[in-house]
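I have placed the structure first, in the form of structure tokens, so that the comments after it can refer back to it.
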Amino acid sequence: MVCDRISGPDLFGRLAPRGPWTDVVCLDVTDSTNRAAMEMAENGAKHGTVVIADAQTAGRGRMGRRWVSPAGKNLYVSLLLRPPVPTVDAPRLAFVAGVALADAVEAVGVPAALKWPNDLYCGGRKAAGILAEMASVPDGVRHVVIGVGLNVNMEEADFPPDLRDTATSLRIRAGRAFRRVDVLARLLDAFGTRYAEFIGGGFASLRDGWDRRDFLRGRRVLLRRQGGEGWGTADGLDTAGALRFLPDCGTAIESVHSGEILDFRR
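Going by the numbering used here, the sequence shown opens with residue 318, and the numbers climb by one from there.
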């Protein structure tokens with residue numbers, strides 16, 4: 318097994334200059350890096366604070382789902398941002414994280430795809446999830462925390478039986494182990510670049526990076542959204558990052574800003 322305990326000085330030494338990162342907090346164990354980062358944000362932590370844990374006891378995905386977080390295997394990291402954007406634009410920072418994560422994974426040699434709204438897939442299986450949480454005030458965004466859980470060195474036997482047919486890791490896909498600090502440095506550098514593009518150009522700056530990796534485009538999907546569930550065809554994302562969805566029983570493409578993909582088929 319590769320020895321790759323992550324430390325702040327080691328990580329900072331690997332990052333490109335002029336990135337947005339101001340502080341790195343390395344925790345041995347926490348319940349959730351997102352919860353820890355949100356607490357730090359409320360206590361005045363700076364924009365660009367990075368919170369990393371070697372293990373999580375209560376890792377979370379979207380919809381309150383559990384994220385399996387064994388020690389020493391994967392990346393569990395949360396990014397604290399205080400972005401100069403309107404509240405309506407803040408949720409799109411999850412797309413910044415998704416495209417940056419795909420950039421980083423491909424940079425270490427593993428092909429990646431992005432599944433709306435917040436998952437990274439490798440070889441047709443889920444390898445990472447993103448959880449964005451925000452605190453706002455009447456005149457704008459106070460802070461946003463972007464959590465990323467990336468399966469790096471998990472082997473098949475490390476996954477619970479109910480996930481072995483649907484989950485994967487970089488190690489499984491590449492057939493070798495990775496130093497987590499190397500992968501994290503790639504992610505932070507990529508996020509810094511994509512974040513600057515987003516602040517300057519909005520979601521349009523991310524469209525190419527998303528579109529060429531779109532996992533769902535052209536697939537039939539089972540979509541859950543407010544008002545119920547139904548099958549239809551995914552047709553990429555619109556200019557605001559909403560899913561373009563043609564219901565089986567409909568004649569016009571709809572823009573879905575919030576929802577969950579329960580199943581998908583070719």
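Ideal placement from N, C-alpha and C gives every residue a C-beta, glycine not left out.
- Counting the other Cβ atoms within 10 Å of the Cβ of Cys-439 gives 16 or more, which makes it buried.
- Scanning Val-367, Asp-348 and Glu-473 for the CA closest to the CA of Trp-338 turns up Val-367.
- Inclusion of Asp-580 and Leu-539 in the CB contact set at 9 Å is warranted, their separation being smaller than that value.
- Around the beta carbon of Ser-386, 16 or more other beta carbons sit within 10 angstroms, so the residue counts as buried.
- Between Ala-452 and Met-355, the C-beta spacing is below 9 Å.
- Thr-510: not part of any beta strand (DSSP E); member of the alpha helix (DSSP H) spanning 497-518, first to last residue.
- Exposure of Arg-493 is indicated by the presence of fewer than 16 other C-beta atoms within 10 angstroms of its C-beta.
- For Pro-403 and Ala-372, the gap between their C-alpha atoms comes out near 34 Å.
- Between the alpha carbons of Arg-582 and Asp-565 lies a gap of roughly 13 Å.
- Per DSSP, Val-422 is not a residue of any beta strand (DSSP E); the alpha helix (DSSP H) it occupies stretches across 410-424.
- As a beta-bridge residue in DSSP terms, Cys-343 pairs with Ile-369.
- Closest in alpha carbon position to Lys-432, among Ala-507, Arg-529, Arg-503 and Gly-509, is Arg-529.
- Under the three-state reduction of DSSP output, Thr-550 falls in the strand class.
- Secondary structure of Val-405 (DSSP, three-state): helix.
- A residue is called buried once 16 or more other Cβ atoms fall within 10 Å of its Cβ, and Lys-363, having fewer, is exposed.
- When DSSP states are grouped into helix, strand and coil, Ser-324 belongs to the coil group.
- Per DSSP, Ile-489 is not a residue of any beta strand (DSSP E); the alpha helix (DSSP H) it occupies stretches across 487-491.
- Contact between the segment 397-415 and the segment 459-467 is present, with at least three C-beta pairs closer than 8 Å.
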